[in-house]
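Chains as they are written, first to last, in the working numbering: chain A, 82 to 334; chain B, 82 to 334.
Think of the CB as a built atom: it goes at the ideal place given N, C-alpha and C, for glycine as much as any other residue.
Worksheet for the structure shown next.
2 protein chains.
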Amino acid sequence: MAAPSEYRVFAVGGIPEVADGDDLAELIDVALRAQETPLEPGDVLVVTQKIISKAEGRVITLDDVTAGQFATVWADEWERDPRAVELVLQESKRIVRMTRGLILSETREGWVCANAGVDQSNVGGGDAVTLLPVDSSASARRIREGLVARGQVDVPVIVSDTFGRPWRNGLMNVAIGVSGMNPIRSYVGEVDAEGYDLRVTEMAIVDELASAAEPVMNKLDAVPVAVVRGLNIPVEEHDHSALVRPAEMDLFR
Amino acid sequence: MAAPSEYRVFAVGGIPEVADGDDLAELIDVALRAQETPLEPGDVLVVTQKIISKAEGRVITLDDVTAGQFATVWADEWERDPRAVELVLQESKRIVRMTRGLILSETREGWVCANAGVDQSNVGGGDAVTLLPVDSSASARRIREGLVARGQVDVPVIVSDTFGRPWRNGLMNVAIGVSGMNPIRSYVGEVDAEGYDLRVTEMAIVDELASAAEPVMNKLDAVPVAVVRGLNIPVEEHDHSALVRPAEMDLFR
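Right under this line is the structure:
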């Protein structure tokens with residue numbers, strides 16, 4: 082019989098610690114060549130948000146932040162750092178929930194997540210925090226174009242981050258930026274019970290690939306880049322916007 | 082340099098249409114042998130809920146359902162089938178949202194999803210719907226034990242289903258049943274800003290693997306089984322319960 086349908090996910094090793102101003106396309110290109118795994122047509126490249134934030138200077142020293150009164154009062158109540166809370170407010174366009182010391186909010190890009198993505202882990206200093214990229218799909222596009230400029234095949238780039246979700250324990254990787262592929266894959270299914278309404282199932286394929294990449298990127302961002310190979314994803318010009326649910330369809334404002 | 086960390090996902094082809102009473106372990110064992118891909122230590126087997134529901138007789142003919150008054154009034158308002166709405170109520174232990182013709186509810190197992198998993202697609206008849214397995218982790222365990230009894234290596238089994246989620250468009254595969262692995266993978270990260278609070282990141286690894294399996298199981302359940310190979314997942318006795326967020330931690334009741 083025919084070979085089973087399959088794909089694989091592999092880590093891109095050897096990416097050095099990233100600093101403000103680093104050219105991520107350059108670092109990824111060198112790493113891909115060093116491990117003799119140049120990109121191939123149909124691949125998808127997954128890059129964690131953290132190194133993009135670092136390369137784009139989205140690292141803030143808390144000492145440079147002055148907390149306002151709202152952040153200060155709330156931080157005192159919940160034993161949080163008021164400067165970090167101030168940053169969360171500045172990064173949010175809307176608070177979804179603010180309870181038990183947790184802020185769940187909507188970022189300017191439309192992502193609902195804890196602390197608006199303000200993150201104190203893996204920054205390499207006690208007082209430093211990272212913010213999400215200003216425009217994650219633009220960041221993805223720059224990496225994609227930079228890789229092509231260095232002679233790599235043009236493949237979609239997904240920027241991944243690690244989010245919680247309601248009702249289920251544990252975090253999952255999802256896509257917060259996309260360049261070069263449709264974030265939604267539509268399957269046309271069966272005709273429904275009345276015989277005429279064709280059902281369409283829309284899968285968040287970029288979120289699935291971000292999750293698929295996580296097991297090889299593990300150990301908390303030690304491996305910030307992975308390649309998904311074998312799914313023959315076509316290159317199409319899309320960003321992440323189709324992933325963001327419009328307010329009028331949102332049951333959990 | 083060392084080979085990059087990698088894993089692969091492949092479809093288990095050739096599973097026939099499943100009917101009530103079929104032995105899924107038998108069908109999967111035959112299919113694995115036919116494509117010469119016996120299970121290996123460290124593999125994870127992902128099986129879609131739909132074939133489990135079919136094998137376990139969780140297929141209901143709507144003609145056999147009598148809708149109560151609540152289901153009938155609501156179904157009339159939203160132009161739904163009152164019998165399907167009645168089944169959704171029967172499968173739910175709590176309604177989370179009930180709006181615009183959509184019912185989002187908590188199943189007896191604790192999963193919050195649309196229509197309590199009552200599904201009219203891919204059942205092969207206009208009036209038939211599938212319900213979720215009564216105990217998806219027990220179903221996973223039976224498949225796992227049945228495969229071992231047939232000479233396959235003991236590997237974890239995940240039962241996957243396709244769920245929507247708040248704030249993000251598109252569906253993702255998640256795990257609704259688990260046997261043989263810890264559903265949560267904990268990474269111990271850096272020491273926090275105060276220097277003593279060790280941060281732990283808990284990933285929903287079974288949801289990530291369910292999502293990773295989806296691209297080879299696509300075309301709406303045409304391929305109901307996949308193998309994840311290369312992550313060396315240890316066999317440990319767990320079910321899905323660690324995945325269900327307790328009510329007191331739930332911000333979206």
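Residue from B:144, B:260, B:236 with nearest C-alpha to residue 319 of chain B: Measuring from the Cα of residue 319 of chain B, the nearest candidate turns out to be B:260.
Between which two residues does the beta strand (DSSP E) carrying residue 322 of chain A extend? Here residue 322 of chain A belongs to no beta strand (DSSP E), and DSSP marks it neither H nor E.
What are the complete alpha helix (DSSP H) segments, minimum 4 residues, inside the region 174-236 of chain A? For the region 174-236 of chain A, the continuous alpha helix (DSSP H) assignments of 4+ residues that do not extend past its boundaries occur at 217-230, in sequence order.
Have a look at the DSSP bridge pairing and note the partners of residue 242 of chain A. Its beta-bridge partners are A:255.
Opposing strand residues paired with residue 126 of chain B [DSSP bridges]: Paired residues: B:238, B:308.
Where residue 217 of chain A meets chain B, residues with beta-carbon distance less than 8 angstroms: What residue 217 of chain A touches in chain B: nothing, since even the nearest Cβ is about 14 angstroms away.
Can you name the residues of chain B whose CB is closer than 9 angstroms to the CB of residue 325 of chain A? Chain B residues near residue 325 of chain A: 248, 249, 250.
Residue 135 of chain B classed as buried or exposed, judged by whether at least 16 other C-beta atoms fall within 10 angstroms: Result: buried.
Do residue 236 of chain B and residue 113 of chain B have their C-beta atoms within less than 7 angstroms of each other? Contact: no.
Could you spell out where the beta strand (DSSP E) holding residue 91 of chain B opens and where it closes? Taken as a continuous stretch (DSSP letters only), the beta strand (DSSP E) holding residue 91 of chain B covers 87-92.
Against chain B, with Cβ distances strictly below 7 angstroms, would residue 292 of chain A count as a contact? Interface residue, yes.
Looking at chain E, is there any beta carbon in it that lies within less than 7 angstroms of the beta carbon of residue 86 of chain B? No chain E is part of this structure, whose protein chains are labelled A and B.
In angstroms with no decimal places, state the Cα-to-Cα distance between residue 132 of chain A and residue 231 of chain B. Going from the Cα of residue 132 of chain A to the Cα of residue 231 of chain B covers about 47 angstroms.
Would you say residue 288 of chain B lies against chain A (beta-carbon separation less than 7 angstroms)? Chain A contact via Cβ: present.
For residue 282 of chain A, which residues in chain B fall below 9 angstroms Cβ to Cβ? Within chain B, the residues near residue 282 of chain A are 202, 243, 252, 301.
Assign residue 298 of chain A to one of three DSSP states: helix, strand, or coil. If DSSP states are grouped into helix, strand and coil, residue 298 of chain A belongs with coil.
Does the beta-carbon of residue 329 of chain A have 16 or more other beta-carbons within 10 angstroms, so that it is buried, or is it exposed? Exposed: under 16 other Cβ atoms inside 10 Å.
Within 7 angstroms of chain B by C-beta, residues of the region 164-182 of chain A in sequence order: Result list: 178, 180.
Residue 307 of chain A vs residue 316 of chain A beta-carbon contact at 7 angstroms: It is not a contact, given that the beta carbons lie outside the stated cut-off.
For chain B, find out if any of its Cβ atoms is closer than 7 angstroms to the Cβ of residue 221 of chain A; answer yes or no. No, no contact with chain B.
Pairwise C-alpha distance: residue 245 of chain A and residue 253 of chain A: Here the C-alpha atom of residue 253 of chain A lies approximately 6 angstroms from the C-alpha atom of residue 245 of chain A.
Starting from the C-beta of residue 101 of chain A, find all residues in its chain whose C-beta is less than 6 angstroms away, skip the five residues before and the five after it, and write them out in chain order. Closer than 6 angstroms at the Cβ level, and outside the excluded window around residue 101 of chain A, lie 138.
How many whole angstroms separate the CB atoms of residue 240 of chain B and residue 262 of chain B, which I take to be in contact at a CB cut-off of 8 angstroms? Not a contact, Cβ separation roughly 12 angstroms.
How far does the alpha helix (DSSP H) with residue 146 of chain B in it reach, from first residue to last? Premise fails: residue 146 of chain B is in no alpha helix (DSSP H) and is neither H nor E.
Are the Cβ atoms of residue 176 of chain A and residue 217 of chain A separated by less than 7 angstroms? With respect to the 7 angstroms criterion, residue 176 of chain A and residue 217 of chain A are not classified as neighbours on the basis of their beta carbons.
Please name the residue in B:294, B:229, B:185, B:309 whose C-alpha comes closest to that of residue 248 of chain A. Looking at B:294, B:229, B:185, B:309, the one whose alpha-carbon comes closest to that of residue 248 of chain A is B:185.
Please list the partners that residue 331 of chain B has in chain A, where partner means a Cβ-to-Cβ separation under 9 angstroms. Result: 247, 248.
How would you label residue 201 of chain A, buried or exposed, when you count the other beta carbons within 10 angstroms and need 16 or more for buried? Around the beta-carbon of residue 201 of chain A, 16 or more other beta-carbon atoms lie within 10 Å, marking it buried.
Contacting residues, own chain, Cβ-Cβ under 8 angstroms from residue 304 of chain A (five flanking each side not counted): The beta carbon of residue 304 of chain A sits closer than 8 angstroms to those of 92, 93, 94, 96, 297, 298, all from its chain and outside the five residues before and after it, given in chain order.
Interface residues of chain B around residue 259 of chain A at Cβ under 7 angstroms? Going along chain B, no residue has its Cβ under 7 angstroms from residue 259 of chain A, so there is no contact; the nearest lies around 12 angstroms.
Which value, in whole angstroms, describes the spacing of the CA atoms of residue 322 of chain A and residue 251 of chain B? Cα to Cα, residue 322 of chain A sits roughly 12 angstroms from residue 251 of chain B.
Residue 239 of chain A versus chain B: which residues are under 9 angstroms apart at the beta carbon? What residue 239 of chain A touches in chain B: nothing, since even the nearest Cβ is about 13 angstroms away.
Within its chain, find whatever has a CB closer than 7 angstroms to the CB of residue 294 of chain A; leave out the 5 residues flanking it on each side and keep chain order. The residues are 90, 127, 241, 254, 307, 309.
Per DSSP, the bridge partner or partners of residue 281 of chain B: Answer by DSSP bridge pairing, in chain order: B:269.
So that I know if they touch, is there some Cβ in chain A lying closer than 7 angstroms to that of residue 109 of chain B? In terms of beta-carbon proximity, residue 109 of chain B stays away from the interface with chain A, with every pair separated by 7 angstroms or more.
What residues are listed by DSSP as bridge partners for residue 141 of chain B? DSSP, once it has assigned bridges, lists B:210 as partnering residue 141 of chain B.
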